[in-house]
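Protein chains in written order, with my numbering: chain A, 2 to 245; chain B, 9 to 72.
Quick reminder that beta carbons are idealized off the backbone N, C-alpha and C, glycines included.
These numbers were taken from a predicted model, which means no experiment stands behind them.
The next block holds one structure in the form of structure tokens; read it before the comments.
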Amino acid sequence: MQVIRGNQLSDYLEQNGDCEPGCLADTGLLYAAAYEDDRLHHQASEVFTLFAEYDVQVYANVISRMEFVDLIFRKQITNGAIEVFENMDAGSVHKELFNLLKSIRDDNTGSKRAGQSYRVNEAKLKRLREEMEKSSGPPKWRQFCAHYAGQLLINEWKVLEEDLGLYFVEVLEGATSDIIAKPLHWNDMVCTMGEEGIRGPDAMIANLFLKSRLPLLITNDNDIARSFREDDPRHASKTILYLE
Amino acid sequence: MKAKEAFMENRKKGPKKGAVEKWSQRLKELGGQKPPKELMEILNKTEKPKKIAAPKDRDPELDL
Numbered sequence: 002m003q004v005i006r007g008n009q010l011s012d013y014l015e016q017n018g019d020c021e022p023g024c025l026a027d028t029g030l031l032y033a034a035a036y037e038d039d040r041l042h043h044q045a046s047e048v049f050t051l052f053a054e055y056d057v058q059v060y061a062n063v064i065s066r067m068e069f070v071d072l073i074f075r076k077q078i079t080n081g082a083i084e085v086f087e088n089m090d091a092g093s094v095h096k097e098l099f100n101l102l103k104s105i106r107d108d109n110t111g112s113k114r115a116g117q118s119y120r121v122n123e124a125k126l127k128r129l130r131e132e133m134e135k136s137s138g139p140p141k142w143r144q145f146c147a148h149y150a151g152q153l154l155i156n157e158w159k160v161l162e163e164d165l166g167l168y169f170v171e172v173l174e175g176a177t178s179d180i181i182a183k184p185l186h187w188n189d190m191v192c193t194m195g196e197e198g199i200r201g202p203d204a205m206i207a208n209l210f211l212k213s214r215l216p217l218l219i220t221n222d223n224d225i226a227r228s229f230r231e232d233d234p235r236h237a238s239k240t241i242l243y244l245e
Numbered sequence: 009m010k011a012k013e014a015f016m017e018n019r020k021k022g023p024k025k026g027a028v029e030k031w032s033q034r035l036k037e038l039g040g041q042k043p044p045k046e047l048m049e050i051l052n053k054t055e056k057p058k059k060i061a062a063p064k065d066r067d068p069e070l071d072l
């Protein structure tokens with residue numbers, strides 16, 4: 002198993018031809034590709050440019066797919082909240098909403114300075130919904146969500162996935178497919194969690210990568226990268242592109 | 009030759025050139041829109057200035 006960095010991808014693709022049947026991507030690559038304020042956006046963009054040139058398909062598991070759409074939703078709501086704040090009168094009677102929006106704006110500013118892409122977490126999202134509904138009613142909250150995220154998620158999501166060459170691996174317990182060479186077992190994933198000390202979603206990606214025919218994994222998650230051993234013969238045919 | 013052509017036609021495709029630029033720009037546009045006008049009309053409701061009541065110890069004789 003070898004670990005390569007961003008500027009080595011071109012050489013890898015040159016040496017390994019078409020990287021059939023494709024590569025496995027975790028959520029970090031997908032999000033970085035979507036948002037310019039992510040510190041890895043430029044690298045992610047270069048990865049997809051090379052994949053377009055070499056016609057490499059990009060696979061992800063259903064967990065990554067869900068995480069990706071969730072991150073986009075939260076980021077869009079965050080940006081919408083900042084826009085509402087910037088158009089809101091400081092003398093508004095809706096003081097709690099105003100203060101909450103201000104805190105979101107401030108968190109975003111702080112993250113930008115630290116080179117990070119900020120999005121509201123679940124707790125803040127719930128508070129935002131609560132305050133906006135209290136101030137303007139549930140239909141206006143739904144209008145706000147539709148305005149900043151709904152249109153994309155409902156009308157354009159499929160095209161986004163197609164344009165990015167994204168495909169999703171969906172396999173039942175113990176099954177194989179054209180992508181999965183060895184049966185995927187829930188138990189193997191759980192064992193990986195315990196042995197490597199990594200979270201469930203990361204263990205699912207590691208397990209899927211090992212059992213698949215995909216030769217390349219792209220991740221910015223050190224936990225996933227470290228769960229593979231360079232000298233393990235089971236990992237000999239695999240390569241990890243680590244974004245940092 | 010036909011089998012190969014069929015394979016290439018059915019083969020899943022990689023990313024389109026410029027896809028990242030296209031979609032990161034689209035997300036930026038969506039996120040940077042002005043909020044819905046009707047929403048802001050409600051949220052920008054401000055407090056009305058309070059009327060100042062006459063002081064209680066005012067001598068009514070002074071009004072003559």
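Amino acids of chain A, ordered along the chain, whose beta-carbon sits closer than 8 Å to that of E55/B: Working through the second sequence from its first residue, we reach residue 55/B at position 47. The contacting residues are G92, V94.
E169/A in three-state terms, based on DSSP: Residue numbering aside, residue 169/A sits at position 168 when the first sequence is read from its first letter. A small fix is needed here, since residue 169/A is Phe in this sequence, not Glu. Residue state, collapsed to three classes: strand.
Host beta strand (DSSP E) of Y243/A (start-end): For the purposes of this step, residue 243/A is identified with residue 242 of the first sequence, where counting begins at 1. Element bounds for Y243/A: 240-243.
As assigned by DSSP and simplified to three states, the class of S137/A: Here residue 137/A refers to the residue found at position 136 of the first sequence. Note: S137/A maps to helix in three-state DSSP.
Reference G39/B; option with closest CA among F145/A, I241/A, R230/A: Here residue 39/B refers to the residue found at position 31 when the second sequence is read from its first residue. Looking at the Cα atoms, F145/A is the closest of the given residues.
Start-to-end residues for the alpha helix (DSSP H) that takes in Y32/A: Residue mapping note: residue 32/A aligns to position 31 of the first sequence, counting from 1. Looking at the DSSP string, the run of the alpha helix (DSSP H) that includes Y32/A is 28-35.
Chain B contact residues for S46/A, given Cβ-Cβ distances below 9 Å: Numbered from 1 along the first sequence, position 45 holds the residue referred to as residue 46/A. Those within 9 Å of S46/A in chain B are V28, E29, S32.
Close-in-space but distant-in-sequence residues of the same chain around N221/A (CB under 8 Å, 5 per side omitted): Locating residue 221/A in the first sequence gives position 220, counting from the first residue. Around N221/A: D27, G29, L30, A33, L41, Y243, L244, E245.
Closest Cα partner of I73/A within the set K21/B, G22/B, W31/B, K24/B: The residue given as residue 73/A occupies position 72 in the first sequence. The candidate whose alpha carbon is nearest that of I73/A is W31/B.
I253/A versus G23/A: straight-line alpha-carbon distance, rounded: No answer is possible for residue 253/A: it lies beyond the span of chain A, which begins at 2 and ends at 245.
Bounding residues of the beta strand (DSSP E) (the contiguous stretch that carries I199/A): The count along the first sequence starts at 1 and reaches residue 199/A at position 198. From DSSP, I199/A is part of no beta strand (DSSP E); its letter is neither H nor E.
Three-state class that DSSP yields for N221/A in the structure shown: On the first sequence, residue 221/A is found 220 positions in, with the first residue counted as 1. Correct three-state label for N221/A: coil.
Cβ-based burial, Q33/B [other Cβ within 10 Å; buried from 16]: The residue given as residue 33/B occupies position 25 in the second sequence. The residue is exposed, with fewer than 16 neighbouring Cβ atoms inside 10 Å.
Sub-9 Å separation of K159/A and D189/A beta-carbons: Numbered from its first residue, the first sequence carries residue 159/A at position 158. Numbered from its first residue, the first sequence carries residue 189/A at position 188. In this structure, D189/A does not lie closer than 9 Å to K159/A by Cβ.
Opening and closing residue of the alpha helix (DSSP H) in which A176/A lies: Here residue 176/A refers to the residue found at position 175 of the first sequence. Taken as a continuous stretch (DSSP letters only), A176/A belongs to no alpha helix (DSSP H), as it is neither H nor E.
At least three beta-carbon pairs within less than 8 Å, the stretch 108-115 of chain A to the stretch 147-167 of chain A: no
Through-space distance from A150/A to D71/A, alpha-carbon basis: Along the first sequence, read from residue 1 onward, the residue named residue 71/A stands at position 70. Along the first sequence, read from residue 1 onward, the residue named residue 150/A stands at position 149. Distance between the alpha carbons of D71/A and A150/A is about 11 Å.
Exposure of G195/A, with buried meaning 16 or more beta-carbon neighbours within 10 Å: Here residue 195/A corresponds to residue number 194 of the first sequence, with the count starting at 1. G195/A should be labelled exposed.
Cβ contact (3+ pairs, closer than 8 Å) linking the stretch 40-50 of chain B and the stretch 47-59 of chain A: These segments do not touch.
Option nearest R230/A by Cα separation, candidates T193/A, A35/A, N8/A, K183/A: Counting from 1 along the first sequence, the entry for residue 230/A is found at position 229. Nearest C-alpha to R230/A: T193/A.
Among L10/A, K141/A, M2/A, nearest to V85/A - alpha-carbon criterion: Taking the first residue of the first sequence as 1, we reach residue 85/A at position 84. The residue with the shortest Cα to Cα distance from V85/A is K141/A.
Below-9 Å beta-carbon distance, G23/A vs any chain B residue: Locating residue 23/A in the first sequence gives position 22, counting from the first residue. Yes, G23/A counts as interfacial toward chain B.
Contained beta strand (DSSP E) runs [length at least 3] in the stretch 51-79 of chain A, N- to C-terminal order: Runs of the beta strand (DSSP E) inside the stretch 51-79 of chain A: 59-62.
Buried versus exposed call for T240/A [16 or more other C-beta atoms within 10 Å across all chains shown]: Counted from its first residue, the first sequence places residue 240/A at position 239. Classification for T240/A: buried.
Members of the stretch 118-137 of chain A near chain B, C-beta cut-off 9 Å: M133, S136, S137
Which residues DSSP lists as bridging L35/B, in chain order: Here residue 35/B refers to the residue found at position 27 of the second sequence. Paired residue(s): none; L35/B is not in a bridge.
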